[in-house]
Amino acid sequence: GTLMAIVLDNITYTYGVGTPFEKTALKGISVTIENGEFLGIIGHTGSGKSTFVQHLNGLLHPTTGTVTVNGVDVSEKTDEAKKMRHKVGMVFQYPEHQLFEETIAADIAFGPKNLGLDEEEVDRRVREAMDFVGLDYDTYAERSPFHLSGGQMRRVAIAGVVAMEPDFLVLDEPSAGLDPFGREEIFEEIIKLHNEKKITVILVSHNMEDISRMANRLIVLDKGKIVLDGKPLDIFNHQRHVLQEVGVDVPPVSVLIESLRNRGLDISNKVLSVDDAVKSILEGGQHVK
Ligand code: ADP
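Now the structure itself:
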């Protein structure tokens with residue numbers, strides 16, 4: 101239902117209306133993001149991903165159409181609309197650039213303080229959020245956030261959002277610029293947020309592999325429109341030509357499995373990860389036609 105959902109109803113967004121730089125970045129987007137989903141948003145550079153996600157918590161207001169969070173129009177100036185905007189946490193690209201307090205604890209406390217919570221509740225949330233992202237309070241609370249590794253800085257940024265206790269969390273390219281170890285760290289945190297905190301996750305990426313192993317729903321954008329909306333497996337197995345048309349990579353695992361099937365190997369195509377592909381190949385490999 102719409103009471104625990106983000107609903108975009110036929111939204112359009114135009115930058116620089118009436119200027120020579122006028123650009124319509126979103127064209128008639130309608131989508132309902134249900135509570136509990138892990139939604140992946142993918143698309144070529146300039147397809148409208150960032151513009152799309154900035155509508156989810158009222159950072160941008162649609163030129164036409166409406167966005168509601170838990171039934172409330174987030175473009176409104178009411179306290180209720182403000183409360184709903186806070187239900188949608190945002191972690192932007194390179195979130196470490198938004199760290200600015202002198203200590204890690206102060207940085208994580210910034211958002212909750214702004215909610216007007218009392219000191220005790222702010223402290224409780226900071227401790228819980230640090231614990232959740234695996235930063236030991238006694239070790240890290242009073243340290244400067246600027247001497248951490250890239251992966252750790254992002255954990256601080258994520259802890260800051262966790263401390264807001266959002267219902268929805270939007271992450272725009274959360275692994276950009278990290279090494280494989282740092283990426284793994286961040287994706288483990290995101291999966292934990294979804295599984296343990298039951299937060300609805302909206303993950304933007306141009307990396308199909310990252311998205312495909314986590315999302316249970318995938319939206320593909322092209323030139324400001326939704327061209328595909330479905331389960332990742334269905335899209336990879338049946339809509340690959342559309343992905344290619346809009347310049348989005350097909351996961352290599354799907355290509356490999358399809359190629360082996362075409363050569364007569366009787367193996368399942370219901371796999372997304374390398375591990376599952378190995379299992380499938382080892383099992384199905386016994387039955388070569
Ligand atoms: P993506 O996140 O998929 O790369 P964006 O939402 O950033 O796409 O951009 C969608 C379109 O809107 C692009 O054509 C881009 O050039 C344009 N655009 C983005 N931001 C602005 C802006 N501030 N002013 C004018 N045009 C913009």
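Per our numbering, the sequence shown runs over residues 101 to 389. Beta carbons: idealized from backbone N, C-alpha and C, even for Gly. A quick note: this is a predicted structure, and the numbers were derived from the prediction, not measured.
Could you tell me which residues DSSP puts in a beta bridge with T164? In DSSP, T164 forms a bridge with T112.
Should the segment 297-317 be called in touch with the segment 141-156, which here means at least 3 C-beta pairs below 8 Å? Using a Cβ-Cβ distance cut-off of 8 Å, the segment 297-317 and the segment 141-156 are in contact, since at least three pairs of beta carbons, one from each stretch, lie closer than that value.
Could you check if H338 is buried or exposed, using at least 16 other CB atoms within 10 Å of its CB as the buried criterion? Exposed: under 16 other Cβ atoms inside 10 Å.
Please name the residue, chosen from N110, T112, I142, that lies closest to M314 on a Cα-to-Cα basis. Its Cα nearest to that of M314, the residue I142 stands out among N110, T112, I142.
In or out: P195 buried (at least 16 other Cβ within 10 Å) or exposed? Buried is the call here.
Taking all protein chains shown into account, decide if H247 is buried (16 or more other Cβ within 10 angstroms of its Cβ) or exposed. Looking at its Cβ environment, which holds fewer than 16 other Cβ atoms inside 10 Å, H247 is exposed.
Thinking C-alpha only, which one of I291, G171, G146 is nearest I133? The shortest C-alpha separation from I133 is found at G171.
Hey, how far is the Cα of Y242 from the Cα of I204? Just to set this straight, residue 242 is Glu in the shown sequence, not Tyr. Our two residues, E242 and I204, have alpha carbons roughly 6 Å apart in a direct line.
Where N369 and L293 are concerned, what is the direct C-alpha to C-alpha distance, given to the nearest angstrom? Near 28 Å, if we compare the C-alpha coordinates of L293 and N369.
Under the DSSP definition of a beta bridge, which residues are partnered with V350? DSSP, once it has assigned bridges, lists no residue as partnering V350.
Should T145 be counted as a contact of the ligand ADP given a C-beta to heavy atom distance under 7 Å? Under cutoff, so the answer is yes.
C-beta atoms of V353 and V342 nearer than 8 Å: With respect to the 8 Å criterion, V353 and V342 are not classified as neighbours on the basis of their beta carbons.
Taking its Cβ as the centre, do 16 or more other Cβ atoms sit within 10 Å of G260, making it buried, or is it exposed? G260 sits buried, since 16 or more C-beta atoms from the chains shown fall within 10 Å of its C-beta.
How is T239 classed by DSSP in three states: helix, strand or coil? In the structure shown, T239 adopts helical secondary structure according to DSSP, grouped into three states.
Reduced DSSP category for K389 - H, G, I as helix; E, B as strand; rest coil: Residue placement at K389 cannot be trusted, given a pLDDT of 42 that sits under 50; what the coordinates show is reported in the next sentence. In the structure shown, K389 sits in coil (DSSP, three-state: anything other than H, G, I, E or B).
When you compare only the Cα positions, how much space is there between T114 and K123? Whole-angstrom Cα-Cα distance: 5 Å.
Does the Cβ of L328 have 16 or more other Cβ atoms within 10 Å, making it buried, or fewer, making it exposed? So L328 ends up on the buried side.
First and last residue of the uninterrupted beta strand (DSSP E) at I302: Its beta strand (DSSP E) spans residues 300-304.
Suppose you measure from the CA of S380 to the CA of L269; what does that come to, to the nearest Å? Each residue's alpha carbon lies about 33 Å from the other.
Do G148 and G324 have their CB atoms nearer than 8 Å? Taking 8 Å as the cut-off, the Cβ atoms of G148 and G324 count as close.
Note down, one range per segment and in chain order, each alpha helix (DSSP H) of at least 4 residues found wholly within the segment 117-175. Correct list: 149-154.
By the 10 Å Cβ neighbour count, where 16 or more other Cβ atoms means buried, how is P332 classified, buried or exposed? Buried is the call here.
Roughly how many angstroms lie between the CA atoms of E309 and P351, to the nearest whole one? So the alpha carbons of these two residues sit roughly 6 Å apart.
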